[in-house]
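Data first, discussion second: the structure below is written as structure tokens.
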Amino acid sequence: MGLLNVSKDVASQFENFVGVNLWTMLIAWVNLLILYLVLKKLLFKPLKNMIDSRQKEIDDMYSDAEADKASAAALKVEYEERLARASEESEQMLRSAQRRAQLKEEEILKEANDKAARTLERAEEQIEQEKKRAINDVKNQVSGLAVDIAAAVIGRDVSSAEHEDLINDFIENIGEK
Amino acid sequence: MELSVNGPKIYYRLPFDLPDSSIFTMKNLVTQTTVSLIAVTVILILVALFTTRNLKTRPGKFQVVAEKLVNMLYGLVEDTMGKHNLKFAPYIGTLFLASIFGTLIGTTQLFRSTTADLSVTAAWALVTTGMVWYNNIKNFGFKAWLKGFTEPIVVMTPMNVVSEIANPVSMAFRHFGNVAGGSVLTALIYGALGAASSLLFSWLPGVLADIPFLAAGIPAVLSIYFDLFSGFVQALVFSLLTMVYVGGACPPPEELPESRRKKKKAQ
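Note that the protein sequences, when read in sequence, are chains H and C. Okay, so the first sequence: first residue is 2 according to the numbering used here, each after it adds one. Okay, so the second sequence: first residue is 8 according to the numbering used here, each after it adds one.
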């Protein structure tokens, strides 16, 4: 087939298929060195720095958020505590107001009752006095009447002084009857 | 028809005598590979300039992709070599980009793949070996490094030396072989399909008979495997091997011998 049969003039134009050329190696080294320096400075370092700085930014943001969250939680606890205290206070105030109102009510009631009782007592006393006075009046009138009647019956004047006792006995007897 | 598989084309040969043999030459100053290497360098510098032209804290789509790739690179280096070796990430990234762009530049047909030249992969493999040796001597000391070859037993010394030399050789030949083999296969397939279509369509009148109809389509699919996939895999393998070898020479600071650690801190 003559596949790998390379003629002389072709061979002079081409290098061997498997062979090492020192100059090519040298150029490969130089190119690799240049590429390394340039890519490191222009490609890998800037991109890596960008990635790292973004990572750092994200980490900072997260830690900030964490701190904010913690402080918010602390504030929440504080406010809840305060709220609980406030409601307790208001309840206490309400209770004391209620108690005071009750006391006042009782006092007023008691006073009113006392007043009423006193009034009743006075009224009863008055009634009693009136009653006594009335009885006395009746007694006096009856004794006068009796004397008049007796005088009329006897035909002479009966001194009331002399017969006071007699009349009184009589009245007493009437009262008993 | 004639199908020939050649090395890179020689553009300028030095006029005086220099060592020149079938596998080693110093005479051919400028070849296709030289041009491709410079082209890759220029392209990559332009890509870098374009990528980082307008970096923002709130990135656009393109920047997101670029950052994702850089993050993957640093993640890979950290996973393979450890956190203390992140300083190697730019070199690994450079090596990977140079390798994959060097392979893919061949698909343009304007340039020859840089990695299809043994000189290039050998140069890169030697850089890896140089880094391994330098870091071994720096971290463990020259004596300890030499002593490492006699372990676990003295009888193993020749084996260790051979394996140390085999590392760069195998790296260079693996990368070169995959890319060059891919290009040879592509050339063979083009030739075979051209021959097949000239057999099939020879009855067509005039110039139509010379058009290799079969060569349309099928090589493109194969090219996806041999150029894109294989190029990517080889770039990854080369970078990974470099990471593993150099990472082995740079253990974490706490695993270094006591005497070496103090010296490092003083620096």
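Cβ atoms here follow ideal geometry from the backbone N, Cα and C, with glycine treated the same way.
Contact with chain C by residue i, beta-carbon distance below 7 Å
{"i": "Ala-34(H)", "result": "Reading the sequence as shown, one finds Leu at residue 34(H) and not Ala. So no, Leu-34(H) is outside the interface."}
{"i": "Val-7(H)", "result": "Annotation note: pLDDT 48 at Val-7(H) (below 50); position unreliable, no value reported."}
{"i": "Glu-16(H)", "result": "yes"}
{"i": "Ala-29(H)", "result": "yes"}
{"i": "Met-26(H)", "result": "yes"}
{"i": "Tyr-37(H)", "result": "yes"}
{"i": "Leu-84(H)", "result": "no"}
Limits of the unbroken beta strand (DSSP E) element including residue i
{"i": "Thr-38(C)", "result": "35–38"}
{"i": "Tyr-232(C)", "result": "Note, Tyr-232(C): premise wrong, no beta strand (DSSP E); not H, not E."}
{"i": "Ile-17(C)", "result": "17–20"}
Contact with chain H by residue i, beta-carbon distance below 7 Å
{"i": "Leu-48(C)", "result": "Reading the sequence as shown, one finds Thr at residue 48(C) and not Leu. For Thr-48(C), the answer is yes, since a Cβ of chain H falls inside 7 Å of its Cβ."}
{"i": "Asn-174(C)", "result": "no"}
{"i": "Leu-51(C)", "result": "yes"}
{"i": "Pro-290(C)", "result": "Residue 290(C) is absent from the structure shown; chain C starts at 8 and stops at 274."}
{"i": "Ser-246(C)", "result": "no"}
{"i": "Gln-274(C)", "result": "For Gln-274(C), the predicted model reports a pLDDT of 46, less than 50, meaning its position is unreliable and no value from the coordinates is stated."}
{"i": "Val-127(C)", "result": "yes"}
{"i": "Ile-30(C)", "result": "yes"}
{"i": "Glu-277(C)", "result": "Lying outside 8 to 274, the shown extent of chain C, residue 277(C) is not represented and no answer is given."}
{"i": "Val-77(C)", "result": "yes"}
{"i": "Asn-185(C)", "result": "no"}
{"i": "Val-12(C)", "result": "yes"}
{"i": "Thr-87(C)", "result": "no"}
{"i": "Met-33(C)", "result": "yes"}
{"i": "Thr-41(C)", "result": "yes"}
{"i": "Thr-122(C)", "result": "no"}
Straight-line Cα distance separating residue j from residue i
{"i": "Met-88(C)", "j": "Tyr-81(C)", "result": "10 Å"}
{"i": "Ala-66(H)", "j": "Arg-60(C)", "result": "33 Å"}
{"i": "Ala-75(H)", "j": "Lys-57(H)", "result": "27 Å"}
{"i": "Gln-103(H)", "j": "Ile-109(H)", "result": "10 Å"}
{"i": "Leu-4(H)", "j": "Ala-199(C)", "result": "Caution is warranted here: a pLDDT of 45 is assigned to Leu-4(H), below 50, making its placement in the model unreliable, and no coordinate value can be reported."}
{"i": "Lys-133(H)", "j": "Val-139(H)", "result": "10 Å"}
{"i": "Gln-130(H)", "j": "Glu-165(H)", "result": "24 Å"}
{"i": "Lys-145(C)", "j": "Val-168(C)", "result": "19 Å"}
{"i": "Ile-144(H)", "j": "Lys-111(H)", "result": "Note that residue 144(H) is Ser in the sequence shown here, rather than Ile. One C-alpha to the other measures close to 48 Å."}
{"i": "Ala-179(C)", "j": "Met-250(C)", "result": "15 Å"}
{"i": "Pro-175(C)", "j": "Phe-236(C)", "result": "23 Å"}
{"i": "Ile-172(H)", "j": "Ala-135(H)", "result": "15 Å"}
{"i": "Val-286(C)", "j": "Asn-185(C)", "result": "Outside the displayed span of chain C (8 to 274) sits residue 286(C), for which this structure offers no information."}
{"i": "Ala-130(C)", "j": "Ala-29(H)", "result": "7 Å"}
{"i": "Thr-135(C)", "j": "Ser-29(C)", "result": "26 Å"}
{"i": "Thr-32(C)", "j": "Ile-59(H)", "result": "56 Å"}
{"i": "Arg-20(C)", "j": "Leu-27(H)", "result": "16 Å"}
{"i": "Asn-137(H)", "j": "Leu-167(H)", "result": "17 Å"}
{"i": "Leu-104(C)", "j": "Leu-215(C)", "result": "42 Å"}
{"i": "His-91(C)", "j": "Glu-262(C)", "result": "12 Å"}
Terminal residues of the alpha helix (DSSP H) in which residue i lies
{"i": "Asn-174(C)", "result": "164–207"}
{"i": "Leu-102(C)", "result": "96–111"}
{"i": "Lys-90(C)", "result": "Premise fails: Lys-90(C) is in no alpha helix (DSSP H) and is neither H nor E."}
{"i": "Gln-93(H)", "result": "46–155"}
{"i": "Lys-154(C)", "result": "149–155"}
{"i": "Trp-30(H)", "result": "23–40"}
Beta carbon proximity, residue i to chain B, threshold 7 Å
{"i": "Leu-192(C)", "result": "The structure shown has no chain B; the protein chains it does contain are H and C."}
*Contacting positions in the segment 41–71 of chain H - beta carbon closer than 8 Å to chain C*: Lys-41, Leu-43, Leu-44, Phe-45, Lys-46, Pro-47, Leu-48, Lys-49, Met-51, Ile-52, Ser-54, Arg-55 and Glu-58
_Selection of the segment 94–119 of chain C by Cβ proximity to chain H, strictly under 8 Å_ = Ala-96, Pro-97, Tyr-98, Gly-100, Thr-101, Leu-102, Leu-104 and Ala-105
*Which residues, in order along the segment 130–141 of chain C, keep a beta-carbon less than 9 Å from a beta-carbon of chain H?*
Ala-130, Trp-131, Leu-133 and Val-134
*Does the count of Cβ pairs from the segment 204–216 of chain C and the segment 136–153 of chain C closer than 8 Å reach three?*
no
*Evaluate contact between the segment 29–46 of chain C and the segment 59–79 of chain C, counting only Cβ atoms and requiring at least three cross-stretch pairs below 8 Å.*
no
*Assess, as a yes-or-no matter, whether the segment 121–129 of chain H is touched by the segment 140–157 of chain H under the definition of 3 or more beta carbon pairs within less than 8 Å.*
no
*Segment contact flag, the segment 92–109 of chain C with the segment 208–224 of chain C, C-beta cutoff 8 Å, min 3 pairs*: no
*How about the segment 20–39 of chain H and the segment 68–86 of chain C: do they share at least three Cβ pairs that are nearer than 8 Å?*
no
_Can you confirm whether the segment 13–32 of chain C touches the segment 64–72 of chain C when touching is taken to mean that 3 or more C-beta pairs between the two stretches lie within less than 8 Å?_
no
_Selection of the segment 54–75 of chain C by Cβ proximity to chain H, strictly under 7 Å_ = Ala-55, Leu-56, Thr-58, Thr-59, Leu-62, Thr-64, Ala-73 and Glu-74
*Inspect the CB distances between the segment 237–247 of chain C and the segment 95–103 of chain C and report whether three or more fall short of 8 Å.*
yes
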